[in-house]
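Q:
2 protein chains.
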Amino acid sequence: MTDGYGPRLSVLSEEECYRLLRSQTVGRLGVIADGYPLIFPVNYVMDRSSVLIRSRPGTKLTAADRQNVTFQVDKINSVEESGWSVLLRGQGEVVSAGPRDAIRMSAERSGLKPWVPGDDFQLVRVIPNGISGRRISPSSVNDWWWDTGAYM
Amino acid sequence: MTDGYGPRLSVLSEEECYRLLRSQTVGRLGVIADGYPLIFPVNYVMDRSSVLIRSRPGTKLTAADRQNVTFQVDKINSVEESGWSVLLRGQGEVVSAGPRDAIRMSAERSGLKPWVPGDDFQLVRVIPNGISGRRISPSSVNDWWWDTGAYM
Chain A
1 MTDGYGPRLS VLSEEECYRL LRSQTVGRLG VIADGYPLIF PVNYVMDRSS VLIRSRPGTK
61 LTAADRQNVT FQVDKINSVE ESGWSVLLRG QGEVVSAGPR DAIRMSAERS GLKPWVPGDD
121 FQLVRVIPNG ISGRRISPSS VNDWWWDTGA YM
Chain B
153 MTDGYGPRLS VLSEEECYRL LRSQTVGRLG VIADGYPLIF PVNYVMDRSS VLIRSRPGTK
213 LTAADRQNVT FQVDKINSVE ESGWSVLLRG QGEVVSAGPR DAIRMSAERS GLKPWVPGDD
273 FQLVRVIPNG ISGRRISPSS VNDWWWDTGA YM
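Chain order of the listed sequences is A and B.
Reading the first sequence from the start, the letters are residues 1 to 152 in our numbering.
Reading the second sequence from the start, the letters are residues 153 to 304 in our numbering.
(1) Using the beta-carbon of each residue, which ones in chain A are nearer than 9 Å to V178/B?
(2) Using beta carbons (cut-off 8 Å, strictly below), is G35/A in contact with chain B?
(3) Quick one: list the residues of chain A neighbouring L172/B, beta-carbon separation under 8 Å, in chain order.
(4) Could you name the residues of the same chain whose beta carbon sits closer than 7 Å to that of I39/A, not counting the 5 residues immediately before and after it, in chain order?
(5) So that I know if they touch, is there some Cβ in chain A lying closer than 8 Å to that of G182/B?
(6) For S237/B, is the classification buried or exposed, using 16 other Cβ atoms within 10 angstroms of its Cβ as the cut-off for buried?
(7) Could you give the DSSP three-state label for S237/B: helix, strand or coil?
(8) Any idea if P189/B is buried or exposed, counting beta-carbon neighbours within 10 angstroms, 16 or more meaning buried?
(9) Closer than 8 Å is the cut-off here; do at least three beta carbon pairs connect the region 273 to 288 of chain B with the region 239 to 250 of chain B?
(10) DSSP three-state call for T177/B: helix, strand or coil?
(11) Residues of the region 206 to 227 of chain B in Cβ contact with chain A at a cutoff of 8 Å, in chain order, please.
(12) Helix, strand or coil: which one does DSSP assign to V116/A?
(13) Rounded to the nearest angstrom, how far is the Cβ of I184/B from that of I32/A, given a contact under 8 Å?
(14) Could you give the DSSP three-state label for L61/A: helix, strand or coil?
(15) For chain B, check one thing: does any of its Cβ atoms lie closer than 8 Å to the Cβ of I131/A?
(16) Could you pull the start and end residues of the beta strand (DSSP E) that V203/B belongs to?
(17) Closest to N229/B by CA distance: which of R287/B, V203/B, A216/B is it?
(18) Does chain A have any CB closer than 8 Å to the CB of I279/B?
(19) Taking the C-alpha atoms as reference points, what is the distance between P41/A and L172/B?
(20) Helix, strand or coil: which one does DSSP assign to E245/B?
(21) Compute the Euclidean distance between the alpha carbons of L161/B and A216/B, then round it to the nearest angstrom.
Structure representation (structure tokens):
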């Protein structure tokens with residue numbers, strides 16, 4: 001499936017977007033703070049269709065709780081000029097202490113790094129409202145541009 | 153310099169942030185649209201302390217023009233669990249046709265990919281208001297977490 005800009009840029013299905021999200025361990029959380037769309041690299045695991053992120057208290061936690069956030073993952077080969085990007089839009093939610101312990105155990109089983117006892121971490125969940133993704137294939141030569149004008 | 157979370161996370165100087173920005177060719181533009189902090193991978197070049205991005209007309213262009221935007225670049229080694237991230241906050245500006253030709257030539261000399269005649273590109277400049285960056289060193293073992301709570 002192409003988006004009208006030529007065959008080089010293909011739109012990913014929702015299923016493919018989630019498959020790619022499950023394939024990585026580092027992504028980027030987008031939050032709005034002080035009127036800016038801040039971008040923070042984070043480790044994460046998927047919990048069904050939600051994203052689980054560990055965070056210390058701070059800007060990104062405050063700005064994520066019960067707010068519109070995004071979670072973005074990409075893998076780009078700048079030599080081959082190929083790659084993909086997935087953008088999940090959702091609602092951020094700081095997980096409270098009770099559910100946190102259950103989620104923590106589940107998350108550790110899923111590969112989210114363990115943390116030391118007494119660590120002042122918080123767990124942020126991103127509940128999806130929508131997801132989209134694009135892939136650029138290596139056969140797209142010469143003049144491809146990673147253009148996501150039709151992203152939304 | 154550390155940020156109080158231990159020696160694993162170091163704060164980058166402004167000079168180092170710009171050096172790292174100049175070292176890469178793919179970054180992520182953050183814009184606010186429909187109440188979400190959208191994140192788009194883009195190719196870019198630096199023009200002194202500004203970021204130059206080529207874009208087709210669309211969501212990201214409209215959302216970037218004369219608005220608060222961010223530009224983020226990182227390089228993360230998920231095996232070594234090391235890496236860095238730089239976040240530039242600034243004002244987006246769609247460059248109008250006149251100055252665009254001059255900037256385009258300059259940008260092409262700087263390595264921004266050329267585009268075909270008649271292409272409906274626009275050029276977006278991000279004029280910096282502030283920049284910050286973090287580095288995690290590989291010696292940070294076991295329990296490091298890419299935490300940017302003190303980012304701002």
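Here a beta-carbon is modelled for each residue, glycine too, at the ideal position from N, C-alpha and C.
A: In terms of the structure at hand:
(1) Within chain A, the residues near V178/B are D74, I76, S78, G83, W146.
(2) True, the Cβ-Cβ gap to chain B drops below 8 Å.
(3) Chain A residues near L172/B: none, gap ~13 Å exceeds 8 Å.
(4) R28, G30, listed in sequence order.
(5) Yes, G182/B counts as interfacial toward chain A.
(6) Buried, because 16 or more other Cβ atoms sit within 10 Å of the Cβ of S237/B.
(7) In the structure shown, S237/B sits in a strand (DSSP, three-state: E or B).
(8) The residue is buried, with at least 16 neighbouring Cβ atoms inside 10 Å.
(9) By the Cβ test, the region 273 to 288 of chain B is in contact with the region 239 to 250 of chain B, since at least three Cβ pairs between them sit closer than 8 Å.
(10) In the three-state scheme derived from DSSP, where H, G and I count as helix and E and B as strand, T177/B is classed as coil.
(11) Those would be R206, S207, R208, P209, G210, T211, K212, L213, N220, V221, T222, Q224, D226, in chain order.
(12) Caution is warranted here: a pLDDT of 42 is assigned to V116/A, below 50, making its placement in the model unreliable, and the coordinate value is therefore given only provisionally. V116/A: coil per DSSP, three-state reduction.
(13) Correct: roughly 6 Å between the Cβ atoms.
(14) Reduced to three states, the DSSP call for L61/A is helix.
(15) I131/A is outside the set of residues whose beta carbon lies under 8 Å from a beta carbon in chain B.
(16) Per DSSP, V203/B belongs to the beta strand (DSSP E) from 202 to 207.
(17) Taking only the C-alpha atoms, the option nearest N229/B is R287/B.
(18) No - not a single Cβ of chain A is within 8 Å of the one on I279/B.
(19) If you draw a straight line from the Cα of P41/A to the Cα of L172/B, it is about 16 Å long.
(20) Here DSSP, grouped into helix, strand and coil, assigns E245/B to strand.
(21) Roughly 31 Å separates the two Cα atoms.
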